[in-house]
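Q: Structure below; questions to follow.
2 protein chains.
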Amino acid sequence: MKAAIMGYGTIGSGVAEVLEINGGSIAKRVGEPIEIKYILDLRDFPGDPIQEKIVHDYKAIAEDPEVRIVVETMGGVEPAYTFVKTMLEAGKHVTTSNKALVAAKGAELIALAKEKNVNFMFEASVGGGIPIIRPLNSCLTADEIEEITGIINGTTNYMLTKMSEEGLEFDAVLKEAQEKGYAEKDPTADIEGYDACRKIAILTSLVCGQQVDFEDIHTEGITKITAADMKYAKTMGRAIKLLATSKKTEEGYTAMVAPFLLPPEHPLYSVNGVFNAIFVHGNVLGDAMFYGSGAGKLPTASAVVADVVEMAKNSDKNIPVEWSSKKLKLVDSDNAVNRFFIRTEVPDRDKIRECFGEVEYVEAEGVTGELGFVTNAMREGELAQKTEALGGVLQMIRMA
Amino acid sequence: MKAAIMGYGTIGSGVAEVLEINGGSIAKRVGEPIEIKYILDLRDFPGDPIQEKIVHDYKAIAEDPEVRIVVETMGGVEPAYTFVKTMLEAGKHVTTSNKALVAAKGAELIALAKEKNVNFMFEASVGGGIPIIRPLNSCLTADEIEEITGIINGTTNYMLTKMSEEGLEFDAVLKEAQEKGYAEKDPTADIEGYDACRKIAILTSLVCGQQVDFEDIHTEGITKITAADMKYAKTMGRAIKLLATSKKTEEGYTAMVAPFLLPPEHPLYSVNGVFNAIFVHGNVLGDAMFYGSGAGKLPTASAVVADVVEMAKNSDKNIPVEWSSKKLKLVDSDNAVNRFFIRTEVPDRDKIRECFGEVEYVEAEGVTGELGFVTNAMREGELAQKTEALGGVLQMIRMA
Chain H
1 MKAAIMGYGT IGSGVAEVLE INGGSIAKRV GEPIEIKYIL DLRDFPGDPI
51 QEKIVHDYKA IAEDPEVRIV VETMGGVEPA YTFVKTMLEA GKHVTTSNKA
101 LVAAKGAELI ALAKEKNVNF MFEASVGGGI PIIRPLNSCL TADEIEEITG
151 IINGTTNYML TKMSEEGLEF DAVLKEAQEK GYAEKDPTAD IEGYDACRKI
201 AILTSLVCGQ QVDFEDIHTE GITKITAADM KYAKTMGRAI KLLATSKKTE
251 EGYTAMVAPF LLPPEHPLYS VNGVFNAIFV HGNVLGDAMF YGSGAGKLPT
301 ASAVVADVVE MAKNSDKNIP VEWSSKKLKL VDSDNAVNRF FIRTEVPDRD
351 KIRECFGEVE YVEAEGVTGE LGFVTNAMRE GELAQKTEAL GGVLQMIRMA
Chain F
401 MKAAIMGYGT IGSGVAEVLE INGGSIAKRV GEPIEIKYIL DLRDFPGDPI
451 QEKIVHDYKA IAEDPEVRIV VETMGGVEPA YTFVKTMLEA GKHVTTSNKA
501 LVAAKGAELI ALAKEKNVNF MFEASVGGGI PIIRPLNSCL TADEIEEITG
551 IINGTTNYML TKMSEEGLEF DAVLKEAQEK GYAEKDPTAD IEGYDACRKI
601 AILTSLVCGQ QVDFEDIHTE GITKITAADM KYAKTMGRAI KLLATSKKTE
651 EGYTAMVAPF LLPPEHPLYS VNGVFNAIFV HGNVLGDAMF YGSGAGKLPT
701 ASAVVADVVE MAKNSDKNIP VEWSSKKLKL VDSDNAVNRF FIRTEVPDRD
751 KIRECFGEVE YVEAEGVTGE LGFVTNAMRE GELAQKTEAL GGVLQMIRMA
């Protein structure tokens, strides 16, 4: 079984490494060895044994009928989209780790794969090595999934864990994460929540079977989280985590990416460092959670290669995926209901009561000249009005 | 698509309920509705709408060519084995929640299903609603699984959690668990670890692709765990959990069921109450964990129905499962290496040092007239010799 890799960066070279390390057992599972025939990259790798497989034109892969499986690990929507589309049109199976591509073009590429009787798989696009796409598609099929909530960005989870454990401010932790290679030079996509947003768009699309546009999802990052917030969280016995969540409500699906305060009994409370986890609530299954390495070269490559194995074992058929191009209209985020932790520089309990009714007050050691409190459950839109009426709001974090 | 249920107890009636509750979305996934044509049970259910489907002879199901899928939820090896074998021989797909049957006859029934081009599935036999069989079989296929360790018995996990939280003794907690329906009237299979033993035998068979006989697995239950042990655990900041574990070592596979002391950083540390979780370490994936409801009517039925959906979607083909009847010889448990927490009524540090070398001493509040300590890593066989030399050993619990 001949395969090609498009993009020989971290994940792409990891895929080659996994096929090398576990080639024997993989061949046993598939029934024949998986051999990499081409590697597409702009660069050359003189001296590297893979150099002889390097091609610079993707058409060399598309036009070779021997290649049955193509791995896309380039990242970004273009030119990945053009290349993947060409491969599917040429009757080749494609797996990708590229969440930007899947979030933007998933429905279309799934439909094209079906038309061509091949597969378009993307297990590695969410949760790195954690199996979540295939479990949603083939394990949780007896359920109506009512909630899916994940810690699905390792960079921000590492940073929040550090801030919590060491009492550091955001900027100091970001600098350290960049030095250690846990955050990119331009960390915007991670710290602003854009990465998590694309991933929850993918998961929600799979759950509801329709297209969820990531641009429609209310998204907040972690850039405004401070050491003082962590002190309040400790007082409350809670942890601050960047959650990507979607829920099926009577009014429709809600989706959001934002920092939340989690109580110890929440299944995601103890997910620390670079680990990821995805919590799922099904109407008959109840609660389930999938936990593991959400990023990293080999864990992510492991998920890509699991797709390769699945496609090789099903090389003559399309495995159906429910994700139509019909757009799902999300419930307006103003209508989502939450409880909120608020810090205000107006330490006037009468005024707070006037605006919010009865609340729970929270004080944090060493934080002065302000007042923290937790509201009752209310709609996001209502909160906005009330905080405006109160004034002097320093921070708002949702309670999970 | 016509189906039959054999055994209308808790799980069997749960399967009917799940097919009722989520019938619409299941029909959409399968492409046609799943209809229950027969329910096999010794009893009659007069007045119940399912009464018209009740049959008392399994041959009525086997001989009806309309029935494509059979659900076995009777429990026990016989007559379940005879019935399931007959159904597979008649060319019907079978799913079971019956760990005793799968542990004893899994390899044979998998081979028979393959021969007849149907499927024998058993997602619900381990971890209740938690997807673990299918993930092992179709998601973690790029890896060599080096360890699989689970909390896979809800009854004992509930009891240990209660003992830890409320400082109660084993007997009191067992009585309460029985009153609440979390433990059976005859709780032997759960509290002696026999249930967990069958489940880890199934998981290990899937990981290594060979037959692991549950009788070969060293198995200890939780009956000897006391309130004093819980006090020591608290001092160490650890939790006592009944783990079922198997590891691939240089000498071969080891497997064991026993109580362990888990540190807070262990992924299974915070799995409490009736929840189950299964930790997996793959050579490229790294650490992963699957968490959820390990028992209960609807969660377990959810897993059974997910098998039904998968079989209905693949009704014309056999999905290969690697589990041959070739017996795997486990490494002698005397050769397994662990660290051990020991309580001795010989509070003589010189003697302890003489037998065990340098150890870490542990004292627990309110426990007197004895001494606790933690050994270095050593083989189980070596420990047995050393504890005999020391004498007066009150308790031994392994460190995870």
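Residue numbers (the working numbering), protein chains in the order written: chain H, 1 to 400; chain F, 401 to 800.
Don't be surprised by glycine CBs; every beta carbon is placed ideally from N, CA and C.
As the structure is a computational prediction, the values presented were derived from the model and not from experiment.
1. Count the C-beta pairs between the stretch 489 to 502 of chain F and the stretch 461 to 477 of chain F that are closer than 8 Å, then say yes if the count reaches three, no if not.
2. Taking only beta-carbon atoms, is Ile-552 (chain F) less than 8 Å away from chain H?
3. If the cut is a Cβ gap below 8 Å, which residues of chain F does Arg-198 (chain H) touch?
4. By the 10 Å Cβ neighbour count, where 16 or more other Cβ atoms means buried, how is Arg-353 (chain H) classified, buried or exposed?
5. Can you confirm whether Val-774 (chain F), when its beta carbon is compared against all beta carbons of chain H, has any partner nearer than 8 Å?
6. Taking 8 Å as the CB-CB cut-off, is Ala-638 (chain F) touching chain H?
7. Using a Cβ-Cβ distance under 8 Å, would Val-18 (chain H) count as near chain F?
8. On the DSSP bridge list, what partners appear for Pro-659 (chain F)?
9. With a threshold of 7 Å on Cβ separation, who are the neighbours of Val-30 (chain H) within its own chain once the five nearest residues in sequence on each side are excluded?
10. Going by C-alpha distance, which of H:Ser-324, H:Arg-43, H:Thr-223 is nearest Glu-169 (chain H)?
11. Going by DSSP, which residues form a beta bridge with Ala-288 (chain H)?
12. So, at 8 Å on beta carbons, what are the nonlocal neighbours of Glu-184 (chain H) in its own chain, with the 5 sequence-adjacent residues on each side left out?
13. Output yes if chain H places a C-beta closer than 8 Å to the C-beta of Ser-725 (chain F); else output no.
14. On the DSSP bridge assignment, give the partners of Ala-403 (chain F) in chain order.
15. Quick check: what's the CA-CA separation for Leu-347 (chain F) versus Ile-742 (chain F)?
16. Tell me the rounded alpha-carbon separation between Lys-247 (chain H) and Val-331 (chain H).
17. For the stretch 259 to 288 of chain H, enumerate the residues whose C-beta is nearer than 9 Å to any C-beta of chain F, in chain order.
18. Please list, in chain order, the chain H residues whose beta carbon lies closer than 8 Å to that of Ala-701 (chain F).
19. Am I right that Ala-288 (chain H) and Ile-426 (chain F) are in contact with their C-beta atoms under 8 Å? What's the rounded C-beta distance?
20. For Arg-429 (chain F), return the contacting residues in chain H, with the cut-off set at a CB-CB distance below 8 Å.
21. Whose Cβ in chain F lies nearer than 9 Å to the Cβ of Gly-181 (chain H)?
22. Pick out whichever of H:Ser-13, H:Leu-42, H:Val-55, H:Ala-3 has its Cα sitting closest to the Cα of Pro-33 (chain H).
23. Suppose only complete runs of 3+ residues qualify. What are the beta strand (DSSP E) ranges in the stretch 326 to 370 of chain H, listed by chain order?
24. Within a Cβ cutoff of 8 Å, which residues of the same chain sit near Ala-113 (chain H), ignoring the five residues on either side of it in sequence?
25. Does DSSP put Lys-248 (chain H) in a helix, a strand or coil?
26. Taking just the CA atoms, how far does Ser-333 (chain H) sit from Phe-340 (chain H)?
27. Hey, Ile-461 (chain F) and Tyr-438 (chain F) are a contact pair by Cβ (cut 8 Å); roughly how many whole angstroms apart?
28. Could you spell out the range, first to last residue, of the alpha helix (DSSP H) harbouring Thr-496 (chain F)?
29. Excluding sequence positions up to five away, which residues of its chain have a Cβ less than 6 Å from the Cβ of Gly-7 (chain H)?
30. Do Ala-303 (chain H) and Glu-20 (chain H) come within 8 Å of each other at the CB atom, strictly closer than that value?
31. Whole angstroms are fine: how far does the CA of Val-455 (chain F) sit from the CA of Asp-441 (chain F)?
32. Got a sec, what are the start and stop residues for the alpha helix (DSSP H) Gln-785 (chain F) sits in?
33. Give a yes or no on whether the minimum CB-CB distance between Tyr-761 (chain F) and chain H is below 8 Å.
34. Could you please give me the residues that DSSP links to Tyr-253 (chain H) through a beta bridge?
35. Note down, in chain order, every chain H residue with its Cβ under 8 Å from the Cβ of Gly-692 (chain F).
36. Compare the C-beta of Arg-534 (chain F) against all C-beta atoms of chain H and say whether one is closer than 8 Å.
A: A quick look at the data gives this:
1. yes
2. Residue numbering aside, residue 552 (chain F) sits at position 152 when the second sequence is read from its first letter. So, not an interface residue.
3. Taking the first residue of the first sequence as 1, we reach residue 198 (chain H) at position 198. Neighbours of Arg-198 (chain H) in chain F, taken as residues at a C-beta separation under 8 Å, are lacking, since the least C-beta distance is about 22 Å.
4. Against the first sequence, residue 353 (chain H) aligns to sequence position 353. With fewer than 16 Cβ atoms within 10 Å of its Cβ, Arg-353 (chain H) is classed as exposed.
5. Mapped onto the second sequence, residue 774 (chain F) falls at position 374. No, Val-774 (chain F) lies away from the interface with chain H (no Cβ there is under 8 Å from its Cβ).
6. Within the second sequence, residue 638 (chain F) is the residue found at index 238, counting from 1. Strictly speaking, residue 638 (chain F) in this sequence is Arg, with Ala absent from that position. Not one chain H Cβ lies under 8 Å of Arg-638 (chain F).
7. Along the first sequence, one-based indexing puts residue 18 (chain H) at 18. Yes - at least one Cβ of chain F is within 8 Å of the one on Val-18 (chain H).
8. Locating residue 659 (chain F) in the second sequence gives position 259, counting from the first residue. Among the bridge pairs identified by DSSP, Pro-659 (chain F) is matched with F:Leu-642.
9. What you label residue 30 (chain H) is simply residue 30 of the first sequence in a count that begins at 1. Hits under 7 Å: Met-1, Val-309, Ala-312, Lys-313.
10. In the first sequence, the residue the question calls residue 169 (chain H) occupies position 169. The residue with the shortest Cα to Cα distance from Glu-169 (chain H) is H:Thr-223.
11. Here residue 288 (chain H) is taken as the residue at index 288 of the first sequence, counted from 1. Answer is H:Val-280, F:Gly-692, bridged to Ala-288 (chain H).
12. Along the first sequence, one-based indexing puts residue 184 (chain H) at 184. Excluding sequence neighbours, Glu-184 (chain H) sits near Thr-155, Gln-178, Asp-190.
13. Within the second sequence, residue 725 (chain F) is the residue found at index 325, counting from 1. Judged by the 8 Å Cβ criterion, Ser-725 (chain F) is not in contact with chain H.
14. As a working mapping, residue 403 (chain F) is identified with position 3 in the second sequence. Per the DSSP secondary-structure output, Ala-403 (chain F) pairs in a beta bridge with F:Ile-436, F:Ile-469.
15. Missing from the structure shown is residue 347 (chain F); chain F here goes from 401 to 800 and no further.
16. Residue numbering aside, residue 247 (chain H) sits at position 247 when the first sequence is read from its first letter. Residue numbering aside, residue 331 (chain H) sits at position 331 when the first sequence is read from its first letter. Cα to Cα, the separation comes out at about 10 Å.
17. Pro-264, Glu-265, Pro-267, Tyr-269, Ser-270, Asn-272, Phe-275, Ala-277, Phe-279, Val-280, Gly-282, Asn-283, Val-284, Leu-285, Gly-286, Asp-287, Ala-288
18. Locating residue 701 (chain F) in the second sequence gives position 301, where the first residue counts as 1. Simply Ala-142, Val-284.
19. Here the question's residue 288 (chain H) lines up with position 288 in the first sequence. Here the question's residue 426 (chain F) lines up with position 26 in the second sequence. Going by Cβ atoms, the distance from Ala-288 (chain H) to Ile-426 (chain F) rounds to 18 Å, so no, they are not a contact pair.
20. Walking along the second sequence from the start, residue 429 (chain F) turns up at place 29. The answer, in chain order, is Thr-141, Glu-322.
21. If you number the first sequence from 1, residue 181 (chain H) lands on position 181. Neighbours of Gly-181 (chain H) on chain F: none; closest Cβ ~17 Å, over 9 Å.
22. Here residue 33 (chain H) refers to the residue found at position 33 of the first sequence. Considering only alpha carbons, the answer is H:Ala-3.
23. Those beta strand (DSSP E) runs which fall completely within the stretch 326 to 370 of chain H and span 3+ residues are 337 to 344, 360 to 362.
24. Within the first sequence, the letter at position 113 stands for residue 113 (chain H). Closer than 8 Å at the Cβ level, and outside the excluded window around Ala-113 (chain H), lie Leu-88, His-93, Val-94, Asn-119, Phe-120, Asn-318.
25. Indexing the first sequence from 1 puts residue 248 (chain H) at position 248. Correct three-state label for Lys-248 (chain H): strand.
26. Locating residue 340 (chain H) in the first sequence gives position 340, where the first residue counts as 1. Locating residue 333 (chain H) in the first sequence gives position 333, where the first residue counts as 1. Each residue's alpha carbon lies about 15 Å from the other.
27. Position 61 of the second sequence, counted from the first residue, corresponds to residue 461 (chain F). Position 38 of the second sequence, counted from the first residue, corresponds to residue 438 (chain F). Contact between Ile-461 (chain F) and Tyr-438 (chain F) holds: their C-beta atoms lie close to 5 Å from each other, under 8 Å.
28. Mapped onto the second sequence, residue 496 (chain F) falls at position 96. That residue, Thr-496 (chain F), is in no alpha helix (DSSP H); its beta strand (DSSP E) goes 493 to 496.
29. In the first sequence, the residue the question calls residue 7 (chain H) occupies position 7. Answer for Gly-7 (chain H): Thr-73, Met-74, listed in chain order.
30. Counting from 1 along the first sequence, the entry for residue 20 (chain H) is found at position 20. Counting from 1 along the first sequence, the entry for residue 303 (chain H) is found at position 303. Contact flag unset, no.
31. On the second sequence, residue 441 (chain F) is found 41 positions in, with the first residue counted as 1. On the second sequence, residue 455 (chain F) is found 55 positions in, with the first residue counted as 1. So the two alpha carbons sit approximately 7 Å from each other.
32. Looking up residue 785 (chain F) in the second sequence gives position 385. Counting along the chain, Gln-785 (chain F) sits inside the alpha helix (DSSP H) bounded by residues 780 to 790.
33. Working through the second sequence from its first residue, we reach residue 761 (chain F) at position 361. For Tyr-761 (chain F), the answer is no, since every Cβ of chain H falls outside 8 Å of its Cβ.
34. Position 253 of the first sequence, counting from 1, holds the residue named residue 253 (chain H). Answer is H:Lys-248.
35. On the second sequence, position 292 is the one that residue 692 (chain F) refers to. Within chain H, the residues near Gly-692 (chain F) are Leu-285, Gly-286, Asp-287, Ala-288, Met-289.
36. Here residue 534 (chain F) refers to the residue found at position 134 of the second sequence. Chain H, which has a Cβ nearer than 8 Å to the Cβ of Arg-534 (chain F), makes this yes.
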